[in-house]
Amino acid sequence: MSAAENGTNQKPPPEYAVVLDNVKKSFDEKEFVLKGIDLKIPKGSLTSIIGFSGTGKSVLLKHMLGLYRPTSGSVKILGKDLDLFDNDALTIFRCNFGVLFQSAALFDDMTVFENVCFPIEEHRRHLSKGQVEVIALEKLKMVGLDPKHNHKLPSQISGGMQKRTGLARALALDPEILIYDEPTTGLDPILTEMVDNLIVETHQARPGTTSIMVSHDLHAAFRIADFVVMLDAGKVLLSGTAEDFYKSELELVRKFVDKGIKH
Amino acid sequence: MSEGTNSVIQKISDKLDVFINSIIGVFKGFILEVGLISVFAGQSVRLLFAKPYRYVEISKHMEFIGNQSVGIITLTSIFTGLALSFQVYLGFKLVNAVDLVGPTVALGISRELGPVLTGLIVSARAGGAMAARLGTMRVNEQMDALDVMGINTKQYLIAPRIIAAVVCMPLLTALFDFMAMFGSWFLCTKLVGLDHAVFLSKIRDTVEVHHIAEGLLKSAIFGFMFAVICTYKGFNTSGGAKGVGEATNRGVVVSMVSIIILDYFLMNLIRIYYLIVGIAR
Numbered sequence: 021m022s023a024a025e026n027g028t029n030q031k032p033p034p035e036y037a038v039v040l041d042n043v044k045k046s047f048d049e050k051e052f053v054l055k056g057i058d059l060k061i062p063k064g065s066l067t068s069i070i071g072f073s074g075t076g077k078s079v080l081l082k083h084m085l086g087l088y089r090p091t092s093g094s095v096k097i098l099g100k101d102l103d104l105f106d107n108d109a110l111t112i113f114r115c116n117f118g119v120l121f122q123s124a125a126l127f128d129d130m131t132v133f134e135n136v137c138f139p140i141e142e143h144r145r146h147l148s149k150g151q152v153e154v155i156a157l158e159k160l161k162m163v164g165l166d167p168k169h170n171h172k173l174p175s176q177i178s179g180g181m182q183k184r185t186g187l188a189r190a191l192a193l194d195p196e197i198l199i200y201d202e203p204t205t206g207l208d209p210i211l212t213e214m215v216d217n218l219i220v221e222t223h224q225a226r227p228g229t230t231s232i233m234v235s236h237d238l239h240a241a242f243r244i245a246d247f248v249v250m251l252d253a254g255k256v257l258l259s260g261t262a263e264d265f266y267k268s269e270l271e272l273v274r275k276f277v278d279k280g281i282k283h
Numbered sequence: 007m008s009e010g011t012n013s014v015i016q017k018i019s020d021k022l023d024v025f026i027n028s029i030i031g032v033f034k035g036f037i038l039e040v041g042l043i044s045v046f047a048g049q050s051v052r053l054l055f056a057k058p059y060r061y062v063e064i065s066k067h068m069e070f071i072g073n074q075s076v077g078i079i080t081l082t083s084i085f086t087g088l089a090l091s092f093q094v095y096l097g098f099k100l101v102n103a104v105d106l107v108g109p110t111v112a113l114g115i116s117r118e119l120g121p122v123l124t125g126l127i128v129s130a131r132a133g134g135a136m137a138a139r140l141g142t143m144r145v146n147e148q149m150d151a152l153d154v155m156g157i158n159t160k161q162y163l164i165a166p167r168i169i170a171a172v173v174c175m176p177l178l179t180a181l182f183d184f185m186a187m188f189g190s191w192f193l194c195t196k197l198v199g200l201d202h203a204v205f206l207s208k209i210r211d212t213v214e215v216h217h218i219a220e221g222l223l224k225s226a227i228f229g230f231m232f233a234v235i236c237t238y239k240g241f242n243t244s245g246g247a248k249g250v251g252e253a254t255n256r257g258v259v260v261s262m263v264s265i266i267i268l269d270y271f272l273m274n275l276i277r278i279y280y281l282i283v284g285i286a287r
């Protein structure tokens with residue numbers, strides 16, 4: 021029965037793109053990097069995962085991508101338990117993700133345009149060359165990259181343009197989940213703002229897409245994210261809105277927030 | 007026994023323990039490494055026949071391993087033929103058997119020197135480049151990018167390189183054999199004055215197709231081996247630019263040493279095969 025039918029104004033329960041249930045991970049069976057992560061990321065949200073270095077952010081991200089399997093607990097992505105996939109099925113399932121890496125990770129022997137065409141050619145083999153090129157041009161336009169750079173190699177364009185190209189490539193297959201792995205680390209303030217704005221614009225332009233940003237940048241996290249998750253020592257210390265973080269009395273959160281605000 | 011003697015014995019015993027443990031450690035490490043490379047090779051071989059077939063990638067790597075090695079193989083083979091022939095000529099002159107210089111060099115080149123030297127040269131040139139390229143892709147997150155794009159990295163990056171190496175190595179070895187024999191012919195007939203017709207007829211009488219095929223087979227195996235070792239080292243690189251350097255260095259060194267060791271065992275295996283099927287050597 022729907023909310024309207026039963027006469028209440030209750031919202032339908034949110035659908036989750038990512039659900040982690042008591043995820044633990046140890047590489048040496050002695051020390052745990054993740055010590056029981058419970059996390060739910062709603063579909064269509066922009067969520068930022070923050071935390072000091074070495075708190076397990078990257079390991080957590082690799083669990084979401086199925087690059088690591090948890091020692092215990094379960095990881096469900098778009099309702100599918102990743103533990104039930106074998107490696108080949110997991111490889112195919114990863115097409116649901118688009119990832120913008122910290123270094124952009126463009127293939128340095130391909131031009132900007134070829135980098136964006138590559139995933140389309142790999143996964144949409146039924147498309148003609150012309151159709152692939154139309155999609156790639158559309159994605160490059162979406163991220164605001166001037167077409168005059170299309171035939172340059174990654175080494176011939178600036179860091180900001182590399183990020184744009186990386187994002188265009190991440191968008192190439194119209195993924196349901198977009199992941200930004202420390203997208204602004206090491207960038208100057210102007211470029212940082214440009215990348216942050218690009219993330220927000222991309223998220224707004226694609227309703228329904230879930231965006232997850234792993235970052236040290238608290239400013240950006242509070243400014244652009246719907247939800248913020250803070251990790252500490254392999255556990256979720258706090259998750260909620262920026263307001264929840266400002267109000268929190270937890271010492272570590274206060275420390276992080278104060279540092280972030282000063283920054 | 008005095009306390010001093012006991013203490014000396016204890017020290018020697020401790021050092022002996024450390025020494026033996028380090029040898030066991032090295033041995034264990036070696037076995038583990040061989041095991042990991044074998045698993046990697048097994049996975050890669052399975053993917054050689056997996057769809058989608060990477061014709062473009064294979065041809066790109068064949069161009070790099072094959073075409074781009076032609077110059078260096080030609081140059082080294084001619085001078086190998088010249089030098090080897092001259093040494094054999096000097097030796098055979100002492101026993102008045104200079105007519106046998108041609109067949110001796112031909113057998114040595116086609117069965118041993120051709121495949122081994124081609125293997126060493128190509129593994130240093132192309133194998134090193136493979137390890138460096140894959141290592142760079144690993145540390146620059148390009149391999150992670152392939153993974154999250156839903157592309158099987160081993161199928162895309164490793165299998166085409168192995169196929170290209172296995173196909174190109176016999177071709178390069180055939181080129182090496184031919185050019186080395188050209189060098190030998192030039193030295194024997196133009197520089198030291200042996201008879202052209204005798205030189206050729208003695209080779210025709212001695213060298214058989216299976217001698218050449220033996221060398222080509224070995225070279226294909228060497229190609230498989232250096233491609234697997236170098237791609238394994240590159241694929242498992244860690245630690246930034248330093249790691250890439252180490253992976254390249256280890257890939258090349260392990261490949262070269264393995265080619266020389268494996269050559270000996272292959273030689274014996276082939277000899278046993280000849281005995282079984284009744285081919286006279």
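Keeping their order, the protein sequence lines are chains A and B.
Sequential numbering of the first sequence, starting at 21, is according to our numbering.
Sequential numbering of the second sequence, starting at 7, is according to our numbering.
Positions of the beta carbon are idealized from the N, C-alpha and C atoms, including for glycine.
Keep in mind the model is a prediction, meaning the values are calculated, not measured.
Chain B contact residues for residue i, given Cβ-Cβ distances below 8 Å
i, result
"residue 87 of chain A", "150, 153, 154"
"residue 114 of chain A", "153, 154, 155, 156"
Inter-residue spacing [alpha-carbon to alpha-carbon] between residue i and residue j
i, j, result
"residue 168 of chain A", "residue 121 of chain B", "49 Å"
"residue 43 of chain A", "residue 103 of chain A", "12 Å"
"residue 231 of chain A", "residue 234 of chain B", "39 Å"
"residue 107 of chain B", "residue 202 of chain B", "12 Å"
"residue 16 of chain B", "residue 71 of chain B", "56 Å"
"residue 187 of chain B", "residue 54 of chain B", "35 Å"
"residue 71 of chain A", "residue 82 of chain B", "58 Å"
"residue 180 of chain B", "residue 199 of chain A", "51 Å"
"residue 166 of chain A", "residue 132 of chain A", "11 Å"
"residue 206 of chain B", "residue 182 of chain B", "18 Å"
"residue 147 of chain B", "residue 186 of chain A", "12 Å"
"residue 238 of chain B", "residue 47 of chain A", "21 Å"
"residue 63 of chain A", "residue 98 of chain A", "8 Å"
"residue 257 of chain B", "residue 43 of chain B", "11 Å"
"residue 21 of chain A", "residue 82 of chain A", "Residue confidence for residue 21 of chain A is low, a pLDDT of 41 falling below 50, so the modelled location carries little weight and cannot support an answer."
"residue 59 of chain A", "residue 236 of chain B", "41 Å"
"residue 10 of chain B", "residue 18 of chain B", "12 Å"
"residue 279 of chain B", "residue 273 of chain B", "10 Å"
"residue 164 of chain B", "residue 95 of chain A", "30 Å"
"residue 228 of chain A", "residue 196 of chain A", "7 Å"
"residue 126 of chain A", "residue 176 of chain A", "12 Å"
"residue 143 of chain B", "residue 53 of chain A", "26 Å"
"residue 27 of chain A", "residue 124 of chain A", "Unreliable positioning characterises residue 27 of chain A in this predicted model, as indicated by a pLDDT of 47, which lies under 50. The coordinate reading is nonetheless provided below. Roughly 50 Å between the two C-alpha positions."
Chain B residues whose Cβ lies nearer than 9 Å to that of residue i
i, result
"residue 236 of chain A", "Per Cβ cutoff of 9 Å: no residues; residue 236 of chain A is ~17 Å from chain B at best."
"residue 143 of chain A", "155, 156, 157"
Interface partners of residue i on chain A, CB under 9 Å
i, result
"residue 158 of chain B", "107, 108, 111"
DSSP three-state assignment for residue i, whether helix, strand or coil
i, result
"residue 25 of chain A", "Low confidence applies to residue 25 of chain A: its pLDDT is 48, below 50, so where it sits in the model is not reliable, and the reading given next is rough at best. Residue 25 of chain A falls in the coil class under three-state DSSP."
"residue 37 of chain A", "strand"
"residue 157 of chain B", "coil"
"residue 61 of chain A", "strand"
"residue 229 of chain B", "helix"
"residue 130 of chain A", "coil"
"residue 237 of chain A", "coil"
"residue 105 of chain A", "coil"
"residue 188 of chain B", "helix"
"residue 80 of chain A", "helix"
"residue 33 of chain B", "helix"
"residue 264 of chain B", "helix"
"residue 25 of chain B", "helix"
"residue 129 of chain B", "helix"
"residue 123 of chain A", "coil"
"residue 277 of chain A", "helix"
Where residue i meets chain A, residues with beta-carbon distance less than 8 Å
i, result
"residue 147 of chain B", "121, 122, 123, 125"
Neighbour list for residue i in chain B, Cβ cutoff strictly below 7 Å
i, result
"residue 139 of chain A", "155"
"residue 117 of chain A", "154"
Those residues which DSSP pairs with residue i across a bridge
i, result
"residue 249 of chain A", "A/69, A/259"
"residue 95 of chain A", "A/40"
"residue 280 of chain B", "Paired residues: none, contrary to the question."
"residue 197 of chain A", "A/117, A/230"
"residue 52 of chain A", "A/46"
"residue 100 of chain A", "A/97"
Exercise. What are the start and end residues of each continuous alpha helix (DSSP H) run of 4 or more residues lying completely inside the stretch 44-124 of chain B, in chain order?
Worked result: You should have 61-71, 76-100, 107-114.
Problem set entry | Runs of alpha helix (DSSP H) wholly within the stretch 144-198 of chain A (minimum 4 residues, chain order) | Listed in chain order, they are 149-162, 179-191.
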